[in-house]
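What follows is a single structure, written as structure tokens, with notes after it.
Residue numbers (our numbering): 70 to 195.
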């Protein structure tokens with residue numbers, strides 16, 4: 070459906086700027102029922118985007134090398150950061166990180182977060 074395709078563009082880039090795409094509800098103003106409907110729609114969008122994120126993470130981790138990236142390295146902070154990225158950027162960053170040797174890293178989620186932020190910075194400058 071067209072709405073679902075549009076919502077997938079959330080956090081994508083348009084004209085060099087990152088855009089937000091959110092669902093909206095019928096009606097005008099701040100009536101209680103409209104606000105409740107908006108909250109419900111935003112919650113559904115969040116749930117759907119996190120399910121997509123988890124599916125992408127699982128696909129990347131399925132091919133991870135021993136000692137490489139694992140599910141435990143993706144804590145809530147990393148997951149939250151990944152959820153703000155366009156799908157392609159998120160997937161590219163995870164693929165680059167997947168086969169790195171994390172064996173000697175003490176705080177793997179923090180190290181991964183640094184790698185991901187660096188990847189996003191490089192992409193933004195390109």
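Backbone N, C-alpha and C fix where the C-beta goes; we use that ideal spot for every residue, glycine too.
Could you check how far apart the C-beta atoms of residue 155 and residue 80 are, in whole angstroms? I think they sit under 8 Å.
-> Cβ-Cβ separation between residue 155 and residue 80: approximately 5 Å, consistent with a contact (criterion under 8 Å).
To which residues of the same chain is residue 163 closer than 6 Å at the C-beta, ignoring the five residues directly before and after it?
-> Around residue 163: 129.
For the segment 93-161, list the beta strand (DSSP E) runs that are entirely contained and at least 3 residues long, ordered along the chain.
-> Not a single unbroken stretch of the beta strand (DSSP E) spanning 3 or more residues falls wholly within the segment 93-161.
CA-CA distance, residue 101 and residue 108?
-> Between residue 101 and residue 108, the C-alpha separation is close to 11 Å.
Output yes or no for whether 9 Å exceeds the beta carbon distance between residue 158 and residue 186.
-> Contact flag unset, no.
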